[in-house]
Amino acid sequence: MTENAAPVIELTGITKRFPGVVANSDVHLAVKPGEVHAVVGENGAGKSTLMKILYGMYQPDEGTISVDGAPVEFGSPRDAISAGIGMVHQHFMLADNFTVLENIVLGAEPTSGGRLDFGAARTKIQEISDRYGLGLRPDRMVEELSVADRQRIEIAKVLYRGARVLILDEPTAVLVPQEVDALFENLAELRSAGLSVIFISHKLDEVLQVADRITVIRRGATVGTVDPQATTSRQLAELMVGSELPTPETTESTVTEVVELAVADLRICSDGERDLLSDITFDARQGEIVGFAGVEGNGQSELVEAIMGLRKPDAGTITLGSQDMTAWSAQDRRAAGIGFIPEDRHRQALLLDAPLWENRLLGWQTKAPAGGRYWIRPRLARQEAAAIMTEYDVRAPGPDTMADALSGGNQQKFVIGREMSTKLRVLVAAHPTRGVDVGAQAAIWDRLREARAAGLATVLISADLEELLGLSDTLYVLLRGRIVAKLDPADVTPEILGGYMTGAVTANGEAAER
Amino acid sequence: MTWLLQLARRIAPTLVALVMALLITGVFILIIGENPLAALGALFDFGDSATAQANSIGVWINRATPLFLSGLAVSIGFRMGLFNIGVEGQYRVATVIAAGVGAAIVLPAPLHILVIVLVAMAAGAAYAAIPAVLKTTRGVSEVISTIMLNSIAIGLAAWFVRSPFADPDLGAGETAATRPIDESGHFPGLNDLFGTLGLEEPRRPVHGFVVVAIVVGIVMAVVLSRSRFGFELRASGLNALAAAANGISSKAMVIKAMLLSGALAGLVGLPDLLGSAHRFQTDSFVAGYGFTGIAVALLGRNRPGGIALAALLFAFLDRAGPRLQSEGIPPAAVTIMQGIVVLSVLIVDEVARRRLRRREERRARAQDPATRSEESAAQPEVSS
Numbered sequence: 001m002t003e004n005a006a007p008v009i010e011l012t013g014i015t016k017r018f019p020g021v022v023a024n025s026d027v028h029l030a031v032k033p034g035e036v037h038a039v040v041g042e043n044g045a046g047k048s049t050l051m052k053i054l055y056g057m058y059q060p061d062e063g064t065i066s067v068d069g070a071p072v073e074f075g076s077p078r079d080a081i082s083a084g085i086g087m088v089h090q091h092f093m094l095a096d097n098f099t100v101l102e103n104i105v106l107g108a109e110p111t112s113g114g115r116l117d118f119g120a121a122r123t124k125i126q127e128i129s130d131r132y133g134l135g136l137r138p139d140r141m142v143e144e145l146s147v148a149d150r151q152r153i154e155i156a157k158v159l160y161r162g163a164r165v166l167i168l169d170e171p172t173a174v175l176v177p178q179e180v181d182a183l184f185e186n187l188a189e190l191r192s193a194g195l196s197v198i199f200i201s202h203k204l205d206e207v208l209q210v211a212d213r214i215t216v217i218r219r220g221a222t223v224g225t226v227d228p229q230a231t232t233s234r235q236l237a238e239l240m241v242g243s244e245l246p247t248p249e250t251t252e253s254t255v256t257e258v259v260e261l262a263v264a265d266l267r268i269c270s271d272g273e274r275d276l277l278s279d280i281t282f283d284a285r286q287g288e289i290v291g292f293a294g295v296e297g298n299g300q301s302e303l304v305e306a307i308m309g310l311r312k313p314d315a316g317t318i319t320l321g322s323q324d325m326t327a328w329s330a331q332d333r334r335a336a337g338i339g340f341i342p343e344d345r346h347r348q349a350l351l352l353d354a355p356l357w358e359n360r361l362l363g364w365q366t367k368a369p370a371g372g373r374y375w376i377r378p379r380l381a382r383q384e385a386a387a388i389m390t391e392y393d394v395r396a397p398g399p400d401t402m403a404d405a406l407s408g409g410n411q412q413k414f415v416i417g418r419e420m421s422t423k424l425r426v427l428v429a430a431h432p433t434r435g436v437d438v439g440a441q442a443a444i445w446d447r448l449r450e451a452r453a454a455g456l457a458t459v460l461i462s463a464d465l466e467e468l469l470g471l472s473d474t475l476y477v478l479l480r481g482r483i484v485a486k487l488d489p490a491d492v493t494p495e496i497l498g499g500y501m502t503g504a505v506t507a508n509g510e511a512a513e514r
Numbered sequence: 001m002t003w004l005l006q007l008a009r010r011i012a013p014t015l016v017a018l019v020m021a022l023l024i025t026g027v028f029i030l031i032i033g034e035n036p037l038a039a040l041g042a043l044f045d046f047g048d049s050a051t052a053q054a055n056s057i058g059v060w061i062n063r064a065t066p067l068f069l070s071g072l073a074v075s076i077g078f079r080m081g082l083f084n085i086g087v088e089g090q091y092r093v094a095t096v097i098a099a100g101v102g103a104a105i106v107l108p109a110p111l112h113i114l115v116i117v118l119v120a121m122a123a124g125a126a127y128a129a130i131p132a133v134l135k136t137t138r139g140v141s142e143v144i145s146t147i148m149l150n151s152i153a154i155g156l157a158a159w160f161v162r163s164p165f166a167d168p169d170l171g172a173g174e175t176a177a178t179r180p181i182d183e184s185g186h187f188p189g190l191n192d193l194f195g196t197l198g199l200e201e202p203r204r205p206v207h208g209f210v211v212v213a214i215v216v217g218i219v220m221a222v223v224l225s226r227s228r229f230g231f232e233l234r235a236s237g238l239n240a241l242a243a244a245a246n247g248i249s250s251k252a253m254v255i256k257a258m259l260l261s262g263a264l265a266g267l268v269g270l271p272d273l274l275g276s277a278h279r280f281q282t283d284s285f286v287a288g289y290g291f292t293g294i295a296v297a298l299l300g301r302n303r304p305g306g307i308a309l310a311a312l313l314f315a316f317l318d319r320a321g322p323r324l325q326s327e328g329i330p331p332a333a334v335t336i337m338q339g340i341v342v343l344s345v346l347i348v349d350e351v352a353r354r355r356l357r358r359r360e361e362r363r364a365r366a367q368d369p370a371t372r373s374e375e376s377a378a379q380p381e382v383s384s
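Protein sequence lines, in the order shown, are assigned to chains A and B. Just so we're aligned: 49 in the UniProt record's numbering is position 49 of the first sequence, and the numbers increase by one with no gaps anywhere. Just so we're aligned: 28 in the UniProt record's numbering is position 28 of the second sequence, and the numbers increase by one with no gaps anywhere.
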């Protein structure tokens, strides 16, 4: 890395206003050649707007962009591309029914004498692939490829167009851990070849691992640029939030002796050789938060679906209080007082194209007073939606606002408000704070703690180990569809937990399989 | 005042679309070398004499009623993203069975009609149950199965009319038909009403079933907006996954929606059967309402009020067909115009909807600049 080289890209005093908001105000960013420069900030802090300005999709209201020390103005992404800036979007823009080669050249087709010249393109792509270790196979159809492969195609696309500066917008959001490692190796190759990478993320651990320098953005303004060697993820988070970080720790135990939800010998078979879930047995008592840790895809979704009645177990029983509810429909379970915060709020929790008051009814449409056996009462549903908005600090114009118009954090707060504003017996919460900014996260944790103190039995599934350790009273680890450990969160560190989750540590003695 | 403004805002795009459709059709008529203004005149020409005008209005009502019912039937499925293309077959089967059963029984007048209506609804629902069961148990696409069942319905109706319900009194060479329904099963026409209103009475019967259609429309409007079923139907259509995750069984919804759609489809053939035909005859049976109903439902944005307006518009254009022909303009111009109306309304509505959405996002963002979603900020003026 060239320590004192002149910046290849420099943004000075960038300000961008949208009607009603200032998305960026006086932002400064300097990217040197041959560095991975991370830009971090909460959701809505203005990272994406800034990158869109750099990529020519927006024009700044104030401030200048310089490339190699010379000021430039980008009217469109085309200008940015010709200046050597390329962007890999979070959502890939590839044609599934084209080959890798065709996708890479699409929009910049090589021609010779008016005809497409794939030969030259193939050589160039092979060269790029070898040089940066992308491992592309030009003739594969994109539809056959994994997400990580597609991301590499996007990177190759940008390199093919001669980019010297690559903007990666939340590139790890779609990847599994192994793929993240592979991506970081690719980034290292790019860096050593003298290219610059702007890495946008809010996953602080990754940023600390991969970046040479980190610029923190808060509420549209740059807070500062820090050296990852001298910064902890906690300090970084505090820079992002601008205050002391909330912690998920629960205060004192509120666990009672009354078992509210009992799962016994639950099993879900699959077509494959291994069961999706086998021999799952656990209790959730009133006032207890039962956490489930595990690498994603180890049976968490199936467990949630089985409890909610969305998937029929092949064996085992699920008991609510003293009633066996194994055969109940999903509707019956909701009506009996089981709240549900699904892992993917867009796909499972909300009607994006419907107003908030209709979303208030969703899942509770049979529950009086707003819902009912035969009729719904829109007027009451509106009142209830308005009440949730005040109580859970959902910022939106009113109950008639479309759910889609809200930011992710507000949507999630609304979903949580919806579920918790009914008298619940059990709450099943999957990743309740995923994709939510730190402020909303603290509010959601508070709500879960309050409900726990009021005697709610909660099943918590999360990928955020700090959240699991901080909130849970009892912690189980799922690995390949089995409970491999029962732990007391008070004396477990994230490292030990990680060991159980990957199977590196096997439960010995006290934490054997139940 | 504000609601008036809102109403204006809601119907303005549709009006713009209608004018656009009119202009585009005008261009078509110019291309085939006829006078668009003459065509426009013919479109609004209800006839010279008072009787002719009354006849025209009668034809309009008689045409609009089944279109409205058919559009309503189609819209039930559309609301949850279910494409019941089979209204055509459902109403054919329902009409022949209702005609057969209606002729076989004699009851006091209102009861006789009620039984025929219920039989038609039950038959339509039963025929619609086939694709519903196929879809829920075997995953067969309802689009494919309903289209195929439409063909089967033609054969089925032909068999019904020849075998179990055939009129034994028909002479040789006469088209197969069911026995005529007894007087008590005739739905009173609206012709007298024209007289009461001081108009000439139309020569041909004006189907009184339109009153039933209006009642059905109102009931459906209430059911769709105020009932749990209506809500669940809408939720399933907006986001099937979220609906399922929140306890709305998608299989149950498919069955319920198809049965209701089929039951409404069963009504489509009744204005004609009860009002003027009084028997099912393969040749004089008016086919095609089921298909046109799809366009009517689309145009009416799946809302009963909208569907009513769409049905009136379609019937209005249909009615003008013969008159256009006398101006030397092929009646196909009507079909072209109907197609263009649907397209332009859908396009303009979509544009208007997006603008509205963006406005709303801006308002939501203004409430909460701190946690504004980044995706929505990217919505305007993106050009990559």
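For each residue, glycine too, the CB sits at the ideal point set by N, CA and C.
Taking C-beta to C-beta, are residue i and residue j nearer than 8 Å?
| i | j | result |
| --- | --- | --- |
| Ala157/B | Leu270/B | no |
| Val207/A | Leu187/A | no |
| Leu312/B | Met337/B | no |
| His28/A | Thr222/A | yes |
| Gly208/B | Phe187/B | yes |
| Pro77/A | Lys16/A | no |
| Val100/A | Val36/A | no |
| Ala129/B | Met20/B | no |
| Asn302/B | Ser75/B | yes |
| Val140/B | Leu149/B | no |
Does residue i get closer than 8 Å to chain B when you measure Cβ to Cβ?
| i | result |
| --- | --- |
| Ser329/A | yes |
| Tyr374/A | yes |
| Gln209/A | no |
| residue 537/A | Residue 537/A lies beyond the residue range present for chain A, which begins at 1 and ends at 514; the question has no answer from this structure. |
| Leu478/A | no |
| Gln365/A | yes |
| Glu10/A | no |
| Glu495/A | no |
List the residues of chain B whose Cβ lies closer than 8 Å to the Cβ of residue i, in chain order.
| i | result |
| --- | --- |
| Met501/A | Simply none; closest approach about 26 Å. |
With a threshold of 8 Å between beta carbons, is residue i in contact with chain A?
| i | result |
| --- | --- |
| Ser184/B | no |
| Phe78/B | no |
| Arg226/B | yes |
| Ser249/B | yes |
| Glu232/B | yes |
| Ala257/B | no |
| Arg9/B | no |
Starting from residue i, find everything on chain A with Cβ-Cβ shorter than 9 Å and list it in chain order.
| i | result |
| --- | --- |
| Ala244/B | Leu310, Ala330 and Gln348 |
| Leu298/B | Simply none; closest approach about 17 Å. |
At a CB-CB cut-off below 7 Å, which residues of chain B make contact with residue i?
| i | result |
| --- | --- |
| Pro342/A | Ala245 |
| Asp353/A | Leu238 |
| Gly371/A | Arg228 |
| Thr401/A | Glu360 and Ala364 |
Tell me, please, which residues DSSP counts as bridged to residue i.
| i | result |
| --- | --- |
| Val88/A | Leu168/A |
| Met402/A | Pro355/A |
| Met141/A | Thr99/A |
| Glu62/A | Thr15/A |
Please list the partners that residue i has in chain A, where partner means a Cβ-to-Cβ separation under 8 Å.
| i | result |
| --- | --- |
| Leu241/B | Arg347 and Gln348 |
Could I get the ranges of all uninterrupted alpha helix (DSSP H) runs contained in the region 66-147 of chain B, with 4 residues as the minimum, in chain order?
If we require 4 residues or more, the alpha helix (DSSP H) runs fully inside the region 66-147 of chain B come out as 87-104 and 109-133.
Whole runs of the alpha helix (DSSP H) within the region 446-479 of chain A, excluding any shorter than 4 residues:
With a minimum length of 4 residues, the continuous alpha helix (DSSP H) runs that stay inside the region 446-479 of chain A are 465-471.
Alpha helix (DSSP H) runs contained entirely in the region 209-242 of chain B, provided each spans 4 or more residues
Counting only unbroken stretches of 4 or more residues, the alpha helix (DSSP H) elements lying wholly within the region 209-242 of chain B are 209-226 and 228-238, in sequence order.
Residue ranges of each beta strand (DSSP E) run of no fewer than 3 residues wholly in the region 311-338 of chain B, ordered along the chain?
Secondary structure in the region 311-338 of chain B: no beta strand (DSSP E) run of 3 residues or longer lies completely within the stretch.
Residue ranges of each beta strand (DSSP E) within the region 286-346 of chain A, 3 or longer:
The region 286-346 of chain A contains these whole beta strand (DSSP E) runs: 289-293, 315-320 and 338-341.
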